[in-house]
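Using the UniProt record's numbering, the first residue of the sequence shown is number 1, and each one after it goes up by one. The next block holds one structure in the form of structure tokens; read it before the comments.
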Amino acid sequence: MFHSIVLDYTLDNNILTAEQRQFYEDNGYLLIKKLVSDEDIERFRKEFVRICKKEVNLPGAMIMKDETLRSQYGQSEKVVNKIQDFQEDEELFRYCTLPEVLKYVECFTGPNIMAMHTMLINKLPDSDKQTFLHPMHQDLHYFPFRPADRIVCSWTAMERADQDNGCLVVQPGTHKQPLKPHGYPKWEHKANKLFHGLLDENEKSPRVHLVMEKGDTVFFHPLLIHGSGINKTSGFRKSISCHFAGSECCYIDVKNTSQEHLEKEIVEVAFLTVLNPNDRWIFLLKQVGTSNCNSRLNSSC
Numbered sequence: 001m002f003h004s005i006v007l008d009y010t011l012d013n014n015i016l017t018a019e020q021r022q023f024y025e026d027n028g029y030l031l032i033k034k035l036v037s038d039e040d041i042e043r044f045r046k047e048f049v050r051i052c053k054k055e056v057n058l059p060g061a062m063i064m065k066d067e068t069l070r071s072q073y074g075q076s077e078k079v080v081n082k083i084q085d086f087q088e089d090e091e092l093f094r095y096c097t098l099p100e101v102l103k104y105v106e107c108f109t110g111p112n113i114m115a116m117h118t119m120l121i122n123k124l125p126d127s128d129k130q131t132f133l134h135p136m137h138q139d140l141h142y143f144p145f146r147p148a149d150r151i152v153c154s155w156t157a158m159e160r161a162d163q164d165n166g167c168l169v170v171q172p173g174t175h176k177q178p179l180k181p182h183g184y185p186k187w188e189h190k191a192n193k194l195f196h197g198l199l200d201e202n203e204k205s206p207r208v209h210l211v212m213e214k215g216d217t218v219f220f221h222p223l224l225i226h227g228s229g230i231n232k233t234s235g236f237r238k239s240i241s242c243h244f245a246g247s248e249c250c251y252i253d254v255k256n257t258s259q260e261h262l263e264k265e266i267v268e269v270a271f272l273t274v275l276n277p278n279d280r281w282i283f284l285l286k287q288v289g290t291s292n293c294n295s296r297l298n299s300s301c
């Protein structure tokens with residue numbers, strides 16, 4: 001008797017092969033080679049440099065810098081390590097609307113797609129201080145919306161990423177685990193603001209280093225445990241990413257959950273004055289899918 005295989009983490013829209021769907025089901029991530037063109041990546045890189053030089057005003061964005069390098073390099077890409085929430089920058093936000101990216105995103109979110117959270121990371125050379133080591137974590141820790149299975153991250157390498165310059169490291173299959181408590185790691189060196197990690201990390205869990213070439217794109221589940229190492233080279237390691245959610249997702253109240261302390265910290269860091277911290281997502285999210293839907297998530301689950 002024939003039994004159909006139930007796949008929980010992808011949707012059947014004839015884009016992914018059966019092998020690709022099963023790989024994501026088992027591992028929580030899927031790597032697509034050369035998905036984004038060199039031309040698009042060069043445009044993103046040039047816009048990033050313009051932002052670093054303050055030639056572009058970027059309302060609503062969080063631009064994170066290594067202040068200890070400013071006196072040496074001034075306003076340049078040698079100082080800025082991350083731009084977060086670039087949804088108001090037309091050039092960078094193009095990444096979130098690329099048809100070749102959304103084609104795959106739809107396999108995880110469905111056709112009603114919302115761009116929720118954007119980042120361009122410029123991992124700086126860091127062989128001594130280890131400031132930009134990102135501890136192992138689950139992205140869902142940062143997001144007050146559910147269900148997790150209809151959220152996916154698209155992460156594109158803007159140049160080769162390997163173990164020398166701090167590529168992504170994933171723990172395959174951990175997307176099937178629940179959200180775990182996060183906080184600042186107990187390191188000798190100071191961790192970056194908001195760079196939370198697992199409080200109880202399983203050091204013995206198998207890890208895979210995702211070596212990627214420019215344009216390669218990995219799609220991964222928000223519960224997948226992942227992180228990145230330090231950049232031991234003299235160059236940079238740039239990536240651009242967006243977390244997408246299906247429009248049927250809804251906000252949750254994080255009070256009395258492991259996410260509550262993070263919400264309070266975000267309010268402090270971003271100088272938020274809104275009564276409900278979830279309201280900040282109203283200003284961040286943008287509809288990017290092709291189907292007609294409300295351009296906001298449901299108010300509560």
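We put the CB at the ideal spot given by N, CA and C, even for glycine.
Rounded straight-line distance, which links the Cα of R50 to that of N57: 10 angstroms
Residue of S228, Q87, D216, Y251 minimising C-alpha distance to C242: Q87
Selection from S300, C301, Q287, N298 that minimises the alpha carbon distance to P111: Q287
Candidates M136, E19, V6: closest to residue 308 by CA position: One cannot answer for residue 308 here, as it falls past the ends of the chain, which runs 1 to 301.
Burial state of G28, where buried means 16 or more other Cβ atoms lie within 10 Å: buried
Rounded C-alpha distance that separates I5 from G60: 44 angstroms
DSSP state of L31 mapped onto helix, strand, coil: strand
Beta-carbon proximity check, Y142 vs I15, cutoff 9 angstroms: no
Runs of beta strand (DSSP E) wholly within the segment 191-216 (minimum 3 residues, chain order): 208-210
H209 and Q138 closer than 9 angstroms at C-beta: no
N- and C-terminal bounds of the alpha helix (DSSP H) containing K103: 99-109
Between the CA atoms of R280 and I240 - distance to the nearest angstrom: 21 angstroms
Beta carbon of A157 nearer than 9 angstroms to that of G215: yes
Environment of G229 [buried if 16+ CB atoms lie within 10 Å]: buried
Same chain, Cβ closer than 8 angstroms to E106, neighbours up to 5 away in sequence not counted: L11, N13, I15, I113, G289
Exposed unless 16 or more other CB atoms sit within 10 angstroms - verdict on A18: exposed
Strand pairing of S154, partner residues [DSSP]: F219, C242
Simplified DSSP assignment, three categories, for L140: helix
Segment limits, beta strand (DSSP E) that includes K82: 80-84
Close-in-space but distant-in-sequence residues of the same chain around E91 (CB under 6 angstroms, 5 per side omitted): E47
Cα-Cα separation, E263 to V254: 8 angstroms
Among T233, P172, T118, L35, nearest to L223 - alpha-carbon criterion: P172
Beta-carbon proximity check, N165 vs N231, cutoff 9 angstroms: yes
Beta-bridge pairing of Q287 - partner residues as DSSP gives them: M114
Buried or exposed (CB count within 10 angstroms, at least 16 for buried), G235: exposed
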